[in-house]
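Chemist: Here you go, one structure.
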Amino acid sequence: MKTDEVRVRIAPAPTGHMHLGNARTALFNWLFARHHGGKFILRIDDTDEERSSEESIKAILDALRWLKMDWDEGPEVGGPYGPYIQSQRIDIYRRYAHKLVEDGKAYYCYCTKEELAAEREEARKRGKPFKYSGRCKGLTDEERRRFESEGRVPTIRLNLEAAWDSSEGKIVVDDLVLGEVEFKLSAFDDFIILKSTGMPVYNFATVIDDHLMRITHVIRASEHLSNTPKQILIYRALGVEPPLFAHVPMVLGSSKGEKLSKRHGAVSVEWYRDEGYLPEAMINFLVRLGWSYDDKEEIFSLDDLIEKFDLNRVGRSGSVFDIKKLNWLNGKYIMMMSLSERTDAVIPFLEREGLIRREEITPQRRKWLERMVEAVGDRMTKLSDIVTYTSYLFVEEIDYAKDGIKWLSREHVPGMLKEVRDVLADVDPFDAEHIEKALREYIERSGIKPIQVMQPIRVALTGKTVGPGLFDVIELLGKERVLGRLERGAREALKLQQAEA
14 MKTDEVRVRI APAPTGHMHL GNARTALFNW LFARHHGGKF ILRIDDTDEE RSSEESIKAI
74 LDALRWLKMD WDEGPEVGGP YGPYIQSQRI DIYRRYAHKL VEDGKAYYCY CTKEELAAER
134 EEARKRGKPF KYSGRCKGLT DEERRRFESE GRVPTIRLNL EAAWDSSEGK IVVDDLVLGE
194 VEFKLSAFDD FIILKSTGMP VYNFATVIDD HLMRITHVIR ASEHLSNTPK QILIYRALGV
254 EPPLFAHVPM VLGSSKGEKL SKRHGAVSVE WYRDEGYLPE AMINFLVRLG WSYDDKEEIF
314 SLDDLIEKFD LNRVGRSGSV FDIKKLNWLN GKYIMMMSLS ERTDAVIPFL EREGLIRREE
374 ITPQRRKWLE RMVEAVGDRM TKLSDIVTYT SYLFVEEIDY AKDGIKWLSR EHVPGMLKEV
434 RDVLADVDPF DAEHIEKALR EYIERSGIKP IQVMQPIRVA LTGKTVGPGL FDVIELLGKE
494 RVLGRLERGA REALKLQQAE A
């Protein structure tokens, strides 16, 4: 493929949501195009009519937009080599397939399923892998007319003999990541390129599109390596130069080499977006699944990645998806936001849980929300964590967690909570600083260990055993609610003790 401009593409099948592995490969393509000042093309491979859907196409486009991967050509933006949806290009594939037949590089095959099954069974008996015999290759016009009169609708098969010089004996893929990879020519038969339905097979449609769209580099997951020799054979039959290939390592679900799947956790981009992962963090995380710059830098801006990314730093072995690493990275990105930005970012998650209504946020309420986000601090690894850490601030009645009940059931707790209530009733102003001073003085007077005071208070006020700083929580709840919850906590603690007596 001779062109001065780098042109890469992704061609997802719209049969579901965008998988993290596909997103990572899309990111490699996007960064490669931007690094080289080239074009990033989006093509939709929707030739699987039964499984493809408009909903999935929308999900793919939304995922790319969320990850800030704009496409230069493709659905919604157009371009000089469209249409960019394969189901709208069927006539193009048929035209090229029939042209190959005219040129002797392909032929019509009228074999029935039963005849092919018999060939397959014969190969099994001989202990050989099945390869089509090629018996339709030399059909006369009369034989073809007879088959058609019987109602047989032909497929079109590539004529391997005419497409490739058998004396070469092998197909060599000079891969930009894997190096030279060889495939024995003897492993291939005259494979189908156009089905009897008139629909192209995957490899044929891919080659035609990549050729017509002037793709210079095909960057894809290593699981597609097995498709490459067939695609090279089709390029040879067409008499055109193939693009350069780069097969990047798969994203693995475990160190055992298992491919990332749902049992390793959520795998769609949409799930991570809806859980409150930031696109910048996800980009930073995904690019490191197979690409490395050095051992020192962990966090890269998008401009940094565009400047530094190239295929020569892509490894050959699979990279394990580590959710702990993603959570750590996302937490770092959250804390890089200003307090106001973080507050804006968590509001949709509080809304989704029905804890607040955006239209009811007054300037005073906004100030309180910012104080709440400040109190949560760096505990959030994803924005939806705000609900876990603060839901008790938005409801009147709270439930006590199982691990919290054990704190309320201790003998000293009913009386201690009543005393703490009286102490806090006198605190003015009711802010974290004065609350802390009053409670520490109480602990010193009472002689009770700090944890034996603080944990029962936390459970009585929040229902939980962990969360933001207790003094901040008390301030955020406000005096009236704090006193009420301490009273209830004392009653519940007494009931627990009576039940155990």
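The sequence shown begins at 14 in the working numbering and counts up one residue at a time.
Idealized CB from N, CA, C, for every residue including glycine.
1. Measuring only the C-alpha atoms, how far is D58 from A39?
2. What residue from L318, L207, N172 and T375 has the CA that sits closest to L198's CA?
3. Report the rounded CA-to-CA distance for E128 versus Y145, giving the unit in angstroms.
4. Any contact between the segment 324-342 and the segment 293-305? By contact I mean 3 or more CB pairs, one from each, below 8 Å.
5. What span of residues does the beta strand (DSSP E) with A176 cover, start to end?
6. Note the first and the last residue of the continuous beta strand (DSSP E) segment covering D188.
7. From the DSSP output, in three-state form, read off V327 for me.
8. Taking three-plus beta-carbon pairs below 8 Å as touching, is the segment 157-174 in contact with the segment 226-234?
9. Spell out the partners DSSP gives E86 in its beta bridges.
10. Leaving out the 5 sequence neighbours to the left and right, which residues in its chain are closer than 6 Å to L406 when beta-carbon positions are compared?
11. Ignore the nearest five residues each way along the sequence and tell me which others in I105's own chain have a CB closer than 6 Å to its CB.
12. Name the residue from L225, T60, G151 and K138 whose alpha carbon lies nearest to the alpha carbon of I54.
13. Three or more C-beta pairs closer than 8 Å, one from the segment 39-48 and one from the segment 202-221: is that the case here?
14. If you draw a straight line from the C-alpha of P25 to the C-alpha of Y120, how long is it?
15. Would you mind working out which of I319, G252, D116 and P376 sits nearest V220, comparing C-alpha positions?
16. Where I73 and N297 are concerned, what is the direct C-alpha to C-alpha distance, given to the nearest angstrom?
17. Take T375 and list the residues in its own chain whose beta-carbon comes closer than 7 Å to its own, dropping the five residues that flank it on each side.
18. Take F160 and list the residues in its own chain whose beta-carbon comes closer than 7 Å to its own, dropping the five residues that flank it on each side.
19. Closer than 8 Å is the cut-off here; do at least three beta carbon pairs connect the segment 178-187 with the segment 86-96?
20. Using only alpha-carbon positions, find the residue among Q101, G482, Q468 and V479 that is nearest to L499.
21. Identify, in the order they occur along the chain, each residue of the same chain with its Cβ nearer than 8 Å to the Cβ of K15, setting aside the five sequence neighbours on each side.
Modeler: On the basis of the coordinates in this document:
1. C-alpha separation (whole angstroms): 14 Å.
2. When each option's Cα is compared against that of L198, the closest is N172.
3. If you take the alpha carbons of E128 and Y145, they lie about 11 Å apart.
4. Contact between the segment 324-342 and the segment 293-305 is present, because at least three Cβ pairs lie under 8 Å.
5. That residue, A176, is in no beta strand (DSSP E); its alpha helix (DSSP H) goes L173 to A176.
6. First-last of the beta strand (DSSP E) with D188: K183 to D188.
7. Correct three-state label for V327: strand.
8. Because the criterion of three Cβ pairs below 8 Å is not met, the segment 157-174 and the segment 226-234 do not touch.
9. E86 is bridged to I54.
10. Taking L406 as the centre and dropping the five residues before and after it, the same chain places the C-beta of L489 closer than 6 Å to its C-beta, in chain order.
11. Nothing listed; no residue qualifies.
12. Out of L225, T60, G151 and K138, L225 has the C-alpha closest to the C-alpha of I54.
13. Of all C-beta pairs linking the segment 39-48 to the segment 202-221, fewer than three are shorter than 8 Å, placing the two stretches out of contact.
14. P25 and Y120 have their C-alpha atoms some 30 Å from each other.
15. Here the closest residue by C-alpha is G252.
16. When rounded, the distance between both Cα atoms is 19 Å.
17. Here T375 has no same chain residue with a Cβ atom under 7 Å from its own Cβ, once five neighbours each way along the sequence are excluded.
18. Close CB contacts of F160 within its chain, under the 7 Å cut and outside five residues either way in sequence, are with Y123 (chain order).
19. Cβ pair count under 8 Å is below three, so no.
20. Here the closest residue by C-alpha is Q468.
21. No answer about K15 holds up, because its pLDDT of 49 lies below 50 and its placement is not dependable.
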